[in-house]
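Visitor: I have a structure here, written as structure tokens, and I will follow up with some questions on it.
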Amino acid sequence: SGKWGRAVAMVREFEEQCGTPIAKLRQVADAMDVEMHAGLASEGGSKLKMLITFVDNLPSGILPLVGHRLLCCIAYRDEKGIFYALDLGGTNFRTLRVHLGGKEKGVVNLESEEVSIPPHLMTGSSQELFDFIADKLAKFVSSEPEEFHPPPGRQRELGFTFSFPVRQTSIASGTLIKWTKGFNIENAVGEDVVAELTKSFEKIGLDMRVAALVNDTVGTVARARFSNPDVIAGVILGTGTNAAYVERAHAIPKWHGLLPKSGEMVINMEWGNFRSSYLPVTEYDQALDSDSLNPGEQVFEKMISGMYLGDIVRRVLLKMAEEADFFGDTVSPKLRIPFILRTPDMSAMHLDTSSDLRVVGNKLKDILEINNTSLKMRKIVVELCDIVATRGARLSAAGIFGILKKIGRDTVKAGEKQKSVIAVDGGLFEHYAKFKSSLESTLKELLGGEAAETIGMEHSNDGSGIGAALLAASHSQYL
Ligand code: ADP
Ligand code: MG
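So, in structure tokens, the structure goes:
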């Protein structure tokens, strides 16, 4: 019927607007490269904050290869002992106890607990949030085996992974620039998050020192570099998205402090806030943005990350239901509820290989209360998932390619076989198989044959948490 034709036309139009041909991805990567330069040149010089992390000496698990160009380190410190980490991401937070065995043994033992953050704390007051976290951490610490108790007079030390934009003032202090993802706590912006957390520790008598304040991307770099000296960047693809990479200190004009001995500094790009006229932004993205907690911000993140992908699909389906009776002549009220269709559900539908697309049918029924969908409707739903996930994955690849360009690793120099590894962590990358494979193949496509062989991607499991513990160790007041 005409209605069906209209629905199909809407899908085709959406697909076209979401298109990411390789030439466009190259433009996105070039724009990323340009913005990286601008953000490093001056404070506020770009939408990319390019934050200085005070991590200028990466953990030294494995000795660097002789003559290795980037890595300069660090045999002076041997990370050993029990360290804690707290990983506040977007959806959950994790507490970790990491037993480090130094150079030979690496991470000897790891215990962790995950707690989901009650939604009302994401938009309440900062003291409530930090009190809640301190309380859970104290409970976790109290489960510490006796053999690991610190000797009298020695404080436990913590790496605090706080995955929001922070202007650091040292390795263990920094003020919140803004919230992202689902968080919006007004009285926390501009405050030192370590001081806030420490206040909450003191209230309940938890004797713990924050030795390192770390972005999750930076933790991921640190974790991965601990076992592989070729790691040059860390990317998070989870609730949100971001990247950090190792920059030459000389290439950071806005840095007026002492040059680090290593000659290097990890930069937290905050790439979620990247924007460019080359990004394929659709009307659905614009509507998602203006309905969000942070309109006009985090444009790149809203096209890529796990918090948003499912909701883009929902918005397209809603419009198709309203304007082309896609699911029949009524529109399910559930379809109007923001974020009701989550990215893990989208991923499950996308992966459905059953001949009648049973998973898709069940998800539509259970989540959106849309019954009796036909096979051809379900096929369209899968197609929408594919369009949205593919766009996100290809844009992520373009972002990574932009970093490689910035540091001159996008091409192979004559006679050089320098390897570069990008460490990736986050639930989207880890669990959304189609997203991951599209990201990997697109990066290869961008690099081309020879260069592609020198670039690797590895999943840095638990990178953000373990990395924070490693950085706490390398900034310990005792070691
Ligand atoms: P955070 O980013 O909050 O630190 P994670 O890295 O664990 O946390 O990522 C969680 C996010 O990953 C979820 O919000 C969700 O968007 C995404 N995710 C988790 N599981 C899946 C899945 N099976 N398919 C697609 N996305 C997933
Ligand atoms: Mg995380």
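Each number in the UniProt record's numbering corresponds to the 1-based position in the sequence shown with 27 added. Just so you know, even glycine gets a beta-carbon here, dropped at the ideal spot from N, CA and C. All values reported here derive from a predicted model rather than from experimental measurement.
1) For the ligand ADP, which residues have a Cβ under 5 Å from at least one heavy atom, in chain order?
2) For the ligand MG, any of its heavy atoms closer than 7 Å to the Cβ of Ser190?
3) Can you say whether Phe366 is buried or exposed, counting buried as having 16 or more other CB atoms within 10 angstroms of its CB?
4) Could you tell me the distance, in whole angstroms, from the CA atom of Leu402 to the CA atom of Leu395?
5) Round the Cβ separation of Val193 and Leu240 to the nearest angstrom and send it over; I've been treating them as touching at under 8 Å.
6) Within 10 angstroms of its Cβ, does Leu90 collect 16 or more other Cβ (buried), or is it exposed?
7) So, at 8 Å on beta carbons, what are the nonlocal neighbours of Met63 in its own chain, with the 5 sequence-adjacent residues on each side left out?
8) Rounded C-beta distance between Ser501 and Asn84? I'm assuming under 8 Å.
9) Does the beta-carbon of Ala271 have 16 or more other beta-carbons within 10 angstroms, so that it is buried, or is it exposed?
10) Given 7 Å as the limit, tell me if Asp114 has its C-beta closer than that to any heavy atom belonging to the ligand MG.
11) I'd like the list of long-range same chain contacts for Arg342, defined as Cβ closer than 8 Å, with 5 residues on each side in sequence excluded.
12) For Glu349 and Tyr305, what's the separation of their Cα atoms in angstroms?
13) Quick one: is Thr202 near chain D, going by C-beta distance under 8 Å?
14) Since Ile259 contacts Val82 with CB under 8 Å, what's their CB separation in whole angstroms?
15) Write down the C-beta distance between Leu455 and Ala424 rounded to the nearest angstrom, noting that I regard them as a contact closer than 8 Å.
16) Are the beta-carbon atoms of Glu328 and Gly299 separated by less than 8 Å?
17) What runs of the alpha helix (DSSP H), each 4 residues or longer, lie entirely inside the region 333 to 405?
18) What are the partner residues of His126, as DSSP defines its beta bridges?
19) Restricting to runs no shorter than 3 residues, where is the beta strand (DSSP E) found entirely within the region 423 to 459?
20) Can you find the residues in the same chain that come closer than 8 Å, C-beta to C-beta, to Ala56, ignoring five residues on each side of it along the sequence?
21) Out of curiosity, what's the CA-to-CA distance linking Lys281 and Arg302?
22) Considering Cα atoms alone, identify which of Gly476, Lys444, Ala441, Met484 is closest to Glu457.
23) Between the alpha carbons of Arg53 and Ala478, how many angstroms are there, rounded?
24) Within 10 Å of its beta-carbon, does Asp356 have 16 or more other beta-carbons around it, so buried, or fewer, so exposed?
25) Could you pull out every residue in the same chain whose Cβ sits closer than 7 Å to the Cβ of Cys99, ignoring the five residues on either side in sequence?
26) Would Ala460 be called buried (16 or more neighbouring beta carbons within 10 Å of its own) or exposed?
27) Taking 8 Å as the cut-off, decide whether the C-beta atoms of Ser465 and Arg421 are in contact.
28) Comparing alpha-carbon positions, which option in Gly265, Gly128, Asn269, Lys205 lies nearest Asn119?
29) In or out: Lys390 buried (at least 16 other Cβ within 10 Å) or exposed?
30) How would you write the range of the alpha helix (DSSP H) that Thr225 sits in, first residue to last?
31) Please find out if some non-hydrogen atom of the ligand MG comes closer than 7 Å to the beta-carbon of Asp437.
32) Taking 7 Å as the cut-off, is the beta-carbon of Ser423 closer than that to any non-hydrogen atom of the ligand MG?
33) Please report the straight-line C-alpha distance between Ser491 and Leu156, rounded to a whole angstrom.
34) Straight-line CA distance for Leu378 to Thr370?
35) Alpha carbons only, please: which of Gly494, Leu498, Leu506, Ser503 is nearest the one belonging to Ala251?
36) Run through the DSSP bridge pairs and tell me what Met149 is partnered with.
Guide: Reading from the atomic positions:
1) Gly116, Gly117, Thr118, Gly265, Thr266, Gly333, Thr370, Pro371, Ser374, Gly453, Gly454, Leu455, His458, Tyr459
2) Here residue 190 refers to the residue found at position 163 when the sequence shown is read from its first residue. Ser190 Cβ: within cutoff of the ligand MG.
3) As a position in the sequence shown, residue 366 is number 339, starting the count at 1. Answer is exposed; the Cβ neighbour count stays below 16.
4) Locating residue 402 in the sequence shown gives position 375, where the first residue counts as 1. Locating residue 395 in the sequence shown gives position 368, where the first residue counts as 1. Cα to Cα, the separation comes out at about 17 Å.
5) Within the sequence shown, residue 193 is the residue found at index 166, counting from 1. Within the sequence shown, residue 240 is the residue found at index 213, counting from 1. Between Leu240 and Val193 the Cβ distance is about 7 Å, and since that is below 8 Å, they are a contact.
6) Residue 90 sits at position 63 when you count from the first residue of the sequence shown. In this predicted model, Leu90 has a pLDDT of only 40, less than 50, meaning its place in the structure is not dependable; the value taken from the coordinates is given anyway. The residue in question, Leu90, is exposed, as its Cβ has fewer than 16 Cβ neighbours within 10 Å.
7) The count along the sequence shown starts at 1 and reaches residue 63 at position 36. Around Met63: Ser73, Leu75, Met77, Met296, Gly429, Ile430, Lys433.
8) Sequence index remark: in the sequence shown, residue 501 carries index 474 (1-based). Sequence index remark: in the sequence shown, residue 84 carries index 57 (1-based). Right, the Cβ-Cβ distance comes to about 7 Å (below 8 Å), so this counts as a contact.
9) Position 244 of the sequence shown holds residue 271. By the neighbour-count rule (16 or more Cβ atoms within 10 Å), Ala271 is buried.
10) As a working note, residue 114 is residue 87 in the sequence shown. Result yes, Cβ under 7 Å from the ligand MG.
11) Position 315 of the sequence shown, counting from 1, holds the residue named residue 342. Tyr311, Ala314, Leu315, listed in sequence order.
12) Locating residue 349 in the sequence shown gives position 322, counting from the first residue. Locating residue 305 in the sequence shown gives position 278, counting from the first residue. Roughly 30 Å between the two C-alpha positions.
13) You won't find chain D in this structure, because it holds only one protein chain.
14) One-based indexing of the sequence shown puts residue 259 at position 232. One-based indexing of the sequence shown puts residue 82 at position 55. The Cβ separation is near 14 Å, so there is no contact.
15) The residue given as residue 455 occupies position 428 in the sequence shown. The residue given as residue 424 occupies position 397 in the sequence shown. Not quite, the Cβ-Cβ distance comes to about 14 Å (not below 8 Å), so this is no contact.
16) What you label residue 328 is simply residue 301 of the sequence shown in a count that begins at 1. What you label residue 299 is simply residue 272 of the sequence shown in a count that begins at 1. Cβ atoms of Glu328 and Gly299: closer than 8 Å.
17) 336 to 351, 370 to 377, 385 to 395
18) Reading the sequence shown from its first residue, position 99 is the one you call residue 126. Note: His126 sits in a beta bridge opposite Ile109, Asn136.
19) 447 to 452
20) Walking along the sequence shown from the start, residue 56 turns up at place 29. The residues are Ala425, Gly426, Phe428, Gly429, Lys432, Leu473.
21) Counting from one through the sequence shown, the residue named residue 281 turns up at place 254. Counting from one through the sequence shown, the residue named residue 302 turns up at place 275. About 21 Å.
22) The residue you call residue 457 lines up with position 430 of the sequence shown. Among Gly476, Lys444, Ala441, Met484, the Cα nearest to that of Glu457 is on Met484.
23) Taking the first residue of the sequence shown as position 1, residue 53 is located at position 26. Taking the first residue of the sequence shown as position 1, residue 478 is located at position 451. Taking the straight line joining both Cα atoms gives about 15 Å.
24) Taking the sequence shown and counting its residues from 1, the one referred to as residue 356 is at position 329. Classification for Asp356: exposed.
25) Counted from its first residue, the sequence shown places residue 99 at position 72. The predicted position of Cys99 is uncertain, since its pLDDT is 28 and thus under 50; no value can be drawn from it.
26) For the purposes of this step, residue 460 is identified with residue 433 of the sequence shown, where counting begins at 1. Exposed, by the Cβ-count rule.
27) Counting from 1 along the sequence shown, the entry for residue 465 is found at position 438. Counting from 1 along the sequence shown, the entry for residue 421 is found at position 394. Contact flag set, yes.
28) Within the sequence shown, numbered from 1, the residue matching residue 119 stands at position 92. The option with the nearest alpha carbon to Asn119 is Gly265.
29) Here residue 390 is taken as the residue at index 363 of the sequence shown, counted from 1. Lys390 is buried by the Cβ-count criterion.
30) For the purposes of this step, residue 225 is identified with residue 198 of the sequence shown, where counting begins at 1. Taken as a continuous stretch (DSSP letters only), the alpha helix (DSSP H) holding Thr225 covers 220 to 230.
31) Position 410 of the sequence shown, counting from 1, holds the residue named residue 437. Because no heavy atom of the ligand MG lies under 7 Å away, the Cβ of Asp437 does not count as near it: no.
32) For the purposes of this step, residue 423 is taken as the residue at position 396 of the sequence shown. No, the ligand MG has no heavy atom inside 7 Å of this Cβ.
33) Residue numbering aside, residue 491 sits at position 464 when the sequence shown is read from its first letter. Residue numbering aside, residue 156 sits at position 129 when the sequence shown is read from its first letter. Taking the straight line from one Cα to the other gives about 20 Å.
34) On the sequence shown, residue 378 is found 351 positions in, with the first residue counted as 1. On the sequence shown, residue 370 is found 343 positions in, with the first residue counted as 1. One C-alpha to the other measures close to 12 Å.
35) For the purposes of this step, residue 251 is taken as the residue at position 224 of the sequence shown. Ala251 has its Cα closest to that of Gly494, out of Gly494, Leu498, Leu506, Ser503.
36) Position 122 of the sequence shown holds residue 149. Per DSSP, none; premise fails for Met149.
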